[in-house]
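Notes to accompany the following structure.
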Amino acid sequence: MESALNAIFDVLSFGAIIVLVVLGLGVIASMMGIFNFAHGEFVLLGAYTTYLVHSAGLPVWAGMLAAPFVVAAFGLVIERLVIRRFYAAPIAAMVGTYALGLVIRESVRGLIGGLYLFVPEPIVGSLSIAGVQVSQWRLAIVIITALVMVGSYLLLTRTSFGLRVRAALENPSLARASGISTSAIYAITFAFGAALAGLAGALVVPVFSLFADLGIRFLIQGFLAVMLGGVGTFEGPVAGGAAIGVMSAALPWAVAPVLADVLVFVIAIVFVKLRPGGLIAGGRV
Amino acid sequence: MDHGNADRGAAPTMSRRRLLQRAAWTAGAIATGVGSWVIRPDWASAAEPIKVGIATDLTGAIGYAGNANANVARMLVKDINDAGGILGRPITLLIEDTASNESVAVGNVRKLIQRDKVDVVLGGITSSMRNAIKDAIVARGKTLYIYPELYEGGECTPYLFCTGPTPAQQCDEFIPWLIKNGAKRFALPAANYVWPHKLNEYARKVIERSGGEVIFEEYYPLDQVEYSATVNKIMTNKVDMVFTTVISPGVGPFFKQLYEAGYAKRGGKLACVYYDEDTLNINAPHEIEGLASCLDYFRAVIHDDPASARIQAEYDKQFPGKILLSAGSGATGMYRGLKLWEAAVKEAGNLDRDAVAAALDHAKISEGPGGPAEMVPGKRHCKMKMYTAVAKGGNYDIVARSDGLVDPKTC
Amino acid sequence: MADESVASSAHRSVSRSGRIAIIPIVEVALLAIFAVLPLVLQDYLTIFVTRVLILALLALSFDLVWGYAGIMSFGQALFFGAAGYSVALLARDLGITSVFIVLPASLVIGLLVSLALGSFLLLGRHPPTTIFVALGTLTGSYAAERLARGWYYLGGQNGIPSIPTMTAGSYELVEGPVYYYLAFATLVLVYLLCRFLVRSQFGLALAGMREQEARIAFFGYRVERLKAIVFTLAGAIAGLAGGLYAFHEGFVGPNMLGVVLSTQIVLYALFGGVGTLVGAVIGVIAIEMVSFWLADSYQQVWPIILGLLLLLVILFRPTGLIGLLVSERERVGTFGRRPRTLPRADHEGQHGPA
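The listed protein sequences derive, respectively, from chains A, B and C. Numbered continuously in our numbering, the first sequence closes out at residue 302. Numbered continuously in our numbering, the second sequence closes out at residue 412. Numbered continuously in our numbering, the third sequence closes out at residue 344.
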């Protein structure tokens, strides 16, 4: 019983991490049709910002608070300078964002000396819940992720800004025809996606340490999650991320880890073959 | 300042020759170079430089280790040249990047062999890199190759010499020490590639021979970062010694999850034989408190051995910063390799591959990081002093030293 | 009059409007340059260019599927690596190194693997989306890489080292000018085959599919079948490249199968410019040569410089390098065969030999 609870909690916390990473990717893909190959590097930048703030002597949570804003600002600049030119050529966007990611990754690698560096979590220690040792920080990640999800959902469905975003998401031409400035919406959405990634990076850096390849590690799972969840909605990437995260964490309990790894992908592909729209079949594909 | 790939280890009188060589290389590089059958003028010179090639990972995931190797090479070559070179000839050092990528590596290694025509190549860090470049160097390139990094043993290719620790060296004294200090129930969680497989194979024999018990041995994909299932197994089976070969990016989260589950609190211990100063920063100090490792060198050895202290001080002065002289990166093996090769060339009196190989076969050095070293004749591997160290408060304490030089027991 | 305009619009020859076709000039120029390169280069450079040519073959296979069939395949390395591993095993376990067996074998293996994957991904009740195919091929590549990394028989992480040299009878095809010409001949042959294919009636159907898939389907073309055929052909080509590569480099490793290589090939081809065959070749050559040169001059930071260069080129020319050389109209291309004669205005719509 104890190990089942343990398993559930760990699976949940890893799932939450993946959801956070994937959400930004999914939103950007849904709205602009661009698969941002540099998304992983936004996660890395969030982690790096947290590390920098910490090594400057300030408390870690300050770095974690700052990270989404720093990365959002960075994302905004990138969107204006680079990404905007790719809306008409989404394929070229792949090359462009890949190149961008390469530059960011290698720069960070040079700055941190290619090593793995730890960043302490703001809340140290474990709680004992129902006989199970639960890491407080991982619990915090789950809670924060849930709050962010709820907040984003409310923003999208209850505010007029959210209405405009959803309009641009579902039918850009009609939105433009209705007087919505899709250009501004795109910029803000991109920045928002980047902020989410930055937050994800900041939250997970105590768990995984800071290293230059932190971003790439999540990129493939991110794409898989977006495909699995379905493009064109907000719930899609969340569902996809949750599914991928849960499977990645849960399968090693049941089968040999080497096999579990591949199985996640195979299961996802077979699922999408049978249900092409993805988990939440609702939007444009 | 690096000038491309040639370090100026030579005296200024070489500059015109160097310039002409550089010009020839540039022309070749822009694909209008001179064909390989043109006879070059014979620049008869008594002080024709000896060319040493270093092929190591300067960029990419293994860059932190490759750069340490390159730094050690630079430091040593400068020292040797300042002392008059070998056989009265200066050394020219040529460094190529293997970029943590085997396909790129082979192309760059070929530059060393065919364009620069080096007399020896040192380098490669991961075993997959060594396997990728060894043919280009030894078989097709007919050049000596010295591999400096700790690995799984079993590399018995002629003209390929290894100066890093083998499983025997890392386990023979270490595991009995662990058992003597209370370890009984071992878990062997490992990364899924060759080195952990071979190491665990050897370790298991030593564990069982010394009275310990292996509770489980499990392999994980190299980039797995979620270890809850493993931690659970360790806790429920009352394992008291986790002898792990999980590597980054997984090892940090693994140790963290283990700590959070209460493993250390109930007296569990950690052992990881590639852990050195580079890896200390992956976790918070309390998460790896008491972790034991066994390598040919730790920084703390400078209190034991004056020669090591001198070498470390010199390295720190020339290369302050993040790239450390550490055993896990192969930098110590690089030092040993270059010095042993130097001794071999002096004995052979020339640079003929067979003569140097024959001399290298039984070469010895009396000073090096960690102490002296000796090649085992016929085996092309190196005996060296091994140290057991324990992590305390984010630094290592040496708790045991081998009496003499430990045998690699391979080939 | 109506016939004339229909005929001329269906077979619009670029030369008719006065502009010269640049692509054939580029093709011939490259052919000439690469034919004589080994005579002027030092051996180690010849070996480097050989490797680039083999990678160009792989990129060509990608251009075929994406540029001509609209399949975004992130799995070309799967066929490349599968063939590479297979011939490495043939050499290691059975001692087979003859070029007359190895090359056909690698072709067949690439074909079989892509047939299997292609049928699963492309055929079936629902026509697959681009994303699904992309990720499906990615999964194939990813899974194969993980498998190879974990399987001891395949050498695990280290792969299979020390592959013996390829032989033709008792003659050894060593790396250097000899192997260069083998790879070069293969590339030229395959290139000509592809060129013939895309300018044939089959190519016309592919072009129609690329431009407007639904319409072509309404015309009665089995779109999925067409895609599967192209995919399989491209897989065979990738396999051929894999066989050449394995023997040239002397080792195979899990990296040959993996996602990193697959993605790199996609990028090389996109960078060079898709849909023109020669663009993919140019892309590979450009990036590999720049990397080679940069790695020497800027040892510590060359990946960053490479990334910046890629970014700048793609920002200003999203169609890739080929966009710098040829006009957009020529890039998109002319299709089908030219008519034997051009209809004249005062004929009563008669075509045929004058």
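Note that beta-carbon positions come from the ideal geometry of N, C-alpha and C, so glycine has one too. These figures come from a predicted structure and were not determined experimentally.
Ranked by how close their Cα comes to the Cα of Ala116(A), the residues Leu311(C), Ile312(C), Gly310(C), Ile294(C) have Ile294(C) in first place. Residue Glu239(C) holds the alpha-carbon nearest to the alpha-carbon of Ala78(C) among Gly313(C), Leu315(C), Glu239(C), Ser252(C). In summary, Ile272(C) is buried, with 16 or more beta-carbon neighbours lying within 10 Å of its beta-carbon over all protein chains present.
For Gln238(A), no Cβ of chain B is located within less than 8 Å of the residue's own Cβ. Counting along the chain, Val215(B) sits inside the beta strand (DSSP E) bounded by residues 214 to 221. Residues of chain B with a Cβ closer than 8 Å to the Cβ of Tyr133(A) are, in chain order, Ser249, Pro250, Gly253, Thr280, Asn282, Ile283.
DSSP places Asn396(B) within a strand segment (E or B) once states are collapsed to three. Boundaries of the beta strand (DSSP E) harbouring Tyr161(C): 161 to 163, taken from the DSSP string. Between Leu134(A) and Ile158(A), the alpha-carbon positions lie close to 20 Å from each other. Taking every protein chain shown into account, the CB of Tyr161(C) has fewer than 16 other CB atoms within 10 angstroms, so this residue is exposed. Not a single C-beta of chain B is nearer than 8 Å to the C-beta of Glu162(C). Chain-order list of chain C residues neighbouring Gln115(B): Gln32, Asp33, Tyr34, Leu35, Ile37, by C-beta distance under 9 Å. At a cut-off of 8 Å between beta carbons, Trp270(A) contacts chain B.
Counting along the chain, Gly57(C) sits inside the alpha helix (DSSP H) bounded by residues 33 to 59. Any Cβ of chain C closer than 8 Å to the Cβ of Met111(A) would place that residue at the interface, and such an atom is present.
Cβ proximity to chain A below 7 Å picks out Tyr220, Tyr221, Pro222, Asp224, Gln225, Val226, Glu227, Ser229, Ala230, Asn233, Thr237, Ser249, Pro250 from the stretch 219 to 252 of chain B.
Contiguous alpha helix (DSSP H) elements confined to the stretch 327 to 400 of chain B occur at 332 to 349, 354 to 361, taking only those with 4 or more residues. By the Cβ-count criterion, His71(A) is buried, with 16 or more other Cβ atoms from all chains shown falling within 10 Å of its own Cβ. The CB of Pro293(A) comes closer than 8 Å to the CB of His116, Pro118, Thr119, Phe122 in chain C, given here in chain order. Arg82(C) has a beta carbon lying at 8 Å or more from every beta carbon in chain B. Membership of Arg131(B) in the alpha helix (DSSP H) is indicated by the continuous run 128 to 135. Distance from Phe241(C) to Ile304(C) at the Cβ level is roughly 32 Å; contact not present, criterion being Cβ atoms closer than 8 Å. A straight line joining the alpha-carbon of Trp342(B) with that of Ser327(B) spans about 20 Å. DSSP, read as helix, strand or coil, puts Pro190(B) in strand. Partner residues in the beta bridge of Glu97(B), as assigned by DSSP, are Ala56(B). A Cβ of chain C is located within less than 8 Å of the beta carbon of Val248(A). Within chain B, Asn132, Lys135, Asp136, Ala140, Thr158 have C-beta atoms less than 9 Å from the C-beta of Ser152(C), given in sequence order. Judged by DSSP secondary structure, Ser152(C) falls outside any alpha helix (DSSP H); it is assigned neither H nor E. The beta carbon of Gly108(B) lies closer than 8 Å to none in the same chain, with the five residues before and after it left out.
Scanning chain B for C-beta atoms nearer than 9 Å to the C-beta of Pro137(A) yields Ala285, reported in chain order. Cβ proximity to chain A below 7 Å picks out Leu301, Ile304, Leu305, Pro308 from the stretch 301 to 316 of chain C. When the Cα atoms are used, Ala224(C) and Ser128(B) turn out to be separated by approximately 33 Å. Taking 8 Å as the cut-off, the beta carbon of Val39(A) is found closer than this to the beta carbon of Gly257(A).
Taking 7 Å as the Cβ-Cβ cut-off, the stretch 45 to 73 of chain B approaches chain A at Ala62, Gly64, Tyr65, given in chain order.
Residue environment for Pro274(A): buried (at least 16 other C-beta atoms within 10 angstroms of its C-beta). One thing to note: Thr246(B) has its Cβ no nearer than 8 Å to the Cβ of Ala293(B).
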